[in-house]
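Chemist:
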Amino acid sequence: EYEVPIEILPMPISGATAPFSLLGTVLLNNVEVMAALTMFQLNKPGTPVIYGSSAGILDMRTGLFAVGSPEGGLQNAACREMAKFYDLPCLATGMASDAKKPGIQATLEKIATGLPVLLTDPDLLCGVGLVETAQCLYHEQMIIDEEIFGFMQRIKAGIKGGRDYIFSDLISRIGAGGQYLSEESTVQLLREGEHYITKLVNRESFEKWQDSSKKDLRQVARERAKEILQAPRKEYLSAEIVKDLEKVLVSAEKALCS
Numbered sequence: 174e175y176e177v178p179i180e181i182l183p184m185p186i187s188g189a190t191a192p193f194s195l196l197g198t199v200l201l202n203n204v205e206v207m208a209a210l211t212m213f214q215l216n217k218p219g220t221p222v223i224y225g226s227s228a229g230i231l232d233m234r235t236g237l238f239a240v241g242s243p244e245g246g247l248q249n250a251a252c253r254e255m256a257k258f259y260d261l262p263c264l265a266t267g268m269a270s271d272a273k274k275p276g277i278q279a280t281l282e283k284i285a286t287g288l289p290v291l292l293t294d295p296d297l298l299c300g301v302g303l304v305e306t307a308q309c310l311y312h313e314q315m316i317i318d319e320e321i322f323g324f325m326q327r328i329k330a331g332i333k334g335g336r337d338y339i340f341s342d343l344i345s346r347i348g349a350g351g352q353y354l355s356e357e358s359t360v361q362l363l364r365e366g367e368h369y370i371t372k373l374v375n376r377e378s379f380e381k382w383q384d385s386s387k388k389d390l391r392q393v394a395r396e397r398a399k400e401i402l403q404a405p406r407k408e409y410l411s412a413e414i415v416k417d418l419e420k421v422l423v424s425a426e427k428a429l430c431s
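Okay, so the sequence shown: first residue is 174 according to my numbering, each after it adds one.
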C-alpha cells in the first residue's frame with residue numbers, strides 16, 4: 174500500500190525442502206519468488222519487489238541447514254543470475270558461516286559463499302558479521318568480514334590489460350637483477366589501487382610480530398571493534414534535518430497505525 178520494497182527471501186535447503194540437486198534448488202527458489210511476486214502484483218500492480226535468495230544444503234550427518242557450504246555459494250550466485258533475467262534488484266546471501274565463533278572455519282566458509290555471489294554483482298549481499306548459521310553476530314567478525322570483502326573485491330576487479338599496464342619497455346630497460354621500487358609507475362599504480370592495502374592482515378616479519386604483539390586476526394579485529402564503539406559518535410546530519418526526519422517518522426507512524 175505504501176510502496177515499501179518487499180524482499181522475497183526463500184530459504185530452500187537442498188535435500189530437505191528442495192531437490193538434492195543444486196539446479197533443482199535454484200529452480201524452486203525461483204518458483205517461490207515468482208509466486209510471491211505474482212500475488213503482490215495482483216494485489217497492487219507496480220509494487221516494488223527485491224528478488225531474494227538464501228539457499229543452502231542439508232548436512233546429511235547432522236541434519237542441520239548448512240549455509241556456509243560452497244554449494245550454497247553456487248546456488249545463490251545462480252539465483253542472482255535469475256534476478257538479472259527478470260531485471261529485478263537482488264539480495265543474495267553470501268559471507269555465510271556455520272562456525273560457532275569467529276575463526277578459521279568462519280573465514281573459510283565466508284570466502285566460499287561470498288566470492289561466487291560477489292562475482293555476479295548482487296545489489297545487496299547479506300551475512301556480514303554473522304556466524305552459527307546466521308543466529309549470532311560478532312562485532313569482531315564484522316571487522317574481519319570487511320577485510321574478506323576487500324580481498325574478494327580485488328579479485329573481482331581482475332587484472333587491468335592493455336599497453337599501459339604491460340610495461341614491457343620498463344622490463345627491458347631495468348633488465349635482470351634490477352628493482353622497480355623507485356619507478357614512478359610503482360608509486361602511481363599504488364595510489365590507483367593496483368594492490369589491495371590490507372587493514373587487518375599482518376604482513377610483518379615473524380620476528381617483528383613475535384617481539385611486538387603476537388596477536389592473531391581475531392584479537393586485532395576485536396580491538397578495532399572496541400575502538401569504533403568507544404569513539405565519539407559522529408553527527409552526519411544537522412540538528413535541523415534530524416528534527417525534520419523525526420517529524421516524518423511520527424507522521425508515518427500515525428498514518429500506518431490509523
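The beta carbon of each residue, even a glycine, is placed where N, CA and C say it ideally should be.
(1) Does the Cβ-Cβ distance between Ala228 and Thr198 come in under 8 Å?
(2) Residues in the same chain with beta-carbon distance under 8 Å from Ile321, minus the five sequence neighbours each way, listed in chain order, please.
(3) From what residue to what residue does the alpha helix (DSSP H) around Glu413 run?
(4) Starting from the C-beta of Gln403, find all residues in its chain whose C-beta is less than 8 Å away, skip the five residues before and the five after it, and write them out in chain order.
(5) Starting from the C-beta of Leu195, find all residues in its chain whose C-beta is less than 7 Å away, skip the five residues before and the five after it, and write them out in chain order.
(6) Among Phe258, Ala330, Ser341, whose alpha-carbon lies nearest the alpha-carbon of Gly366?
(7) Go through its chain and collect everything with a Cβ distance to Leu261's Cβ below 6 Å, but skip five positions before and after it.
(8) Could you tell me which of Leu362, Glu408, Lys388 sits nearest to Val374, measuring between CA atoms?
(9) Tell me the residue span of the alpha helix (DSSP H) that contains Glu180.
(10) When you compare only the Cα positions, how much space is there between Ala337 and Ile328?
(11) Please go through the same chain and pick out, in chain order, the residues whose beta-carbon is closer than 7 Å to the beta-carbon of Cys299, but skip the five residues on each side of it.
(12) What do you get for Met233, buried or exposed, if any count of 16 or more other CB atoms within 10 angstroms of its CB means buried?
(13) For Glu357, which option in Gly348, Leu343, Ile370 has the closest C-alpha, if you only look at C-alpha atoms?
(14) Would you give the residue range spanned by the alpha helix (DSSP H) that Thr280 belongs to?
(15) Once DSSP output is grouped into helix, strand and coil, what is the label at Ile186?
(16) Only counting the same chain, and skipping five residues up and downstream in sequence, which positions put a Cβ closer than 7 Å to that of Arg346?
(17) When DSSP labels each residue in this structure, what does Leu237 get in the three-state scheme?
(18) Taking DSSP's pairing of strands, which residues face Ile223 in a bridge?
(19) Quick one: what's got a C-beta closer than 8 Å to Met315's C-beta in the same chain, skipping five residues either side?
(20) Rounded to whole angstroms, what is the Cα-Cα separation between Pro192 and Ser242?
(21) Just the C-alpha distance for Lys372 and Glu400, rounded to the nearest angstrom, thanks.
(22) Nearest by alpha-carbon distance to Leu151: which of Thr306, Arg253, Asp318 is it?
(23) So is the beta-carbon of Phe340 under 7 Å away from any non-hydrogen atom of the ligand ADP?
(24) Judging by CA-CA distance, which residue of Val393, Met184, Lys381 is the nearest neighbour of Asp318?
Modeler: Quick look at the numbers:
(1) Position 55 of the sequence shown, counted from the first residue, corresponds to residue 228. Position 25 of the sequence shown, counted from the first residue, corresponds to residue 198. Yes, these two residues count as a Cβ contact at 8 Å.
(2) The sequence position of residue 321 within the sequence shown is 148, counting from 1. Closer than 8 Å at the Cβ level, and outside the excluded window around Ile321, lie Met268, Thr280, Lys283, Ile284, Gly287.
(3) Start at 1 with the first residue of the sequence shown, and residue 413 comes out as number 240. Run containing Glu413: 412 to 430, per the alpha helix (DSSP H) assignment.
(4) What you label residue 403 is simply residue 230 of the sequence shown in a count that begins at 1. Around Gln403: no qualifying Cβ.
(5) Counting from 1 along the sequence shown, the entry for residue 195 is found at position 22. Cβ within range, chain order: Ser187, Glu244, Leu247, Gln248.
(6) For the purposes of this step, residue 366 is taken as residue 193 along the sequence shown, with counting starting at 1. Nearest C-alpha to Gly366: Ala330.
(7) On the sequence shown, residue 261 is found 88 positions in, with the first residue counted as 1. If we look at Leu261 and ignore the five residues flanking it on each side, its Cβ neighbours are Tyr224.
(8) Here residue 374 refers to the residue found at position 201 of the sequence shown. Here the closest residue by C-alpha is Lys388.
(9) Position 7 of the sequence shown holds residue 180. Counting along the chain, Glu180 falls outside any alpha helix (DSSP H), though it belongs to the beta strand (DSSP E) covering 179 to 181.
(10) Numbered from 1 along the sequence shown, position 164 holds the residue referred to as residue 337. Numbered from 1 along the sequence shown, position 155 holds the residue referred to as residue 328. The sequence shown places Asp at residue 337, not Ala. Computed Cα separation, rounded: 20 Å.
(11) Taking the sequence shown and counting its residues from 1, the one referred to as residue 299 is at position 126. If we look at Cys299 and ignore the five residues flanking it on each side, its Cβ neighbours are Leu264, Thr266.
(12) Here residue 233 refers to the residue found at position 60 of the sequence shown. By the 10 Å Cβ count, Met233 comes out exposed.
(13) Counting from 1 along the sequence shown, the entry for residue 357 is found at position 184. Checking every option, the nearest Cα to that of Glu357 belongs to Leu343.
(14) Within the sequence shown, numbered from 1, the residue matching residue 280 stands at position 107. Element bounds for Thr280: 277 to 291.
(15) Position 13 of the sequence shown, counted from the first residue, corresponds to residue 186. Three-state DSSP puts Ile186 in a strand.
(16) Residue mapping note: residue 346 aligns to position 173 of the sequence shown, counting from 1. None.
(17) On the sequence shown, residue 237 is found 64 positions in, with the first residue counted as 1. DSSP places Leu237 in coil when its eight states are reduced to three.
(18) Taking the first residue of the sequence shown as position 1, residue 223 is located at position 50. Ile223 is bridged to Glu180.
(19) Sequence index remark: in the sequence shown, residue 315 carries index 142 (1-based). Excluding positions up to five away in sequence, the list reads Val301, Gly302, Ala398.
(20) Your numbering for residue 192 matches position 19 in the sequence shown. Your numbering for residue 242 matches position 69 in the sequence shown. Cα-Cα distance, rounded: 16 Å.
(21) Reading the sequence shown from its first residue, position 199 is the one you call residue 372. Reading the sequence shown from its first residue, position 227 is the one you call residue 400. C-alpha separation (whole angstroms): 14 Å.
(22) With the chain represented from 174 up to 431, any question about residue 151 goes unanswered, as that position is not in the structure.
(23) The ligand ADP is absent from the structure shown, which contains no ligand whatsoever.
(24) Locating residue 318 in the sequence shown gives position 145, counting from the first residue. It is Val393.
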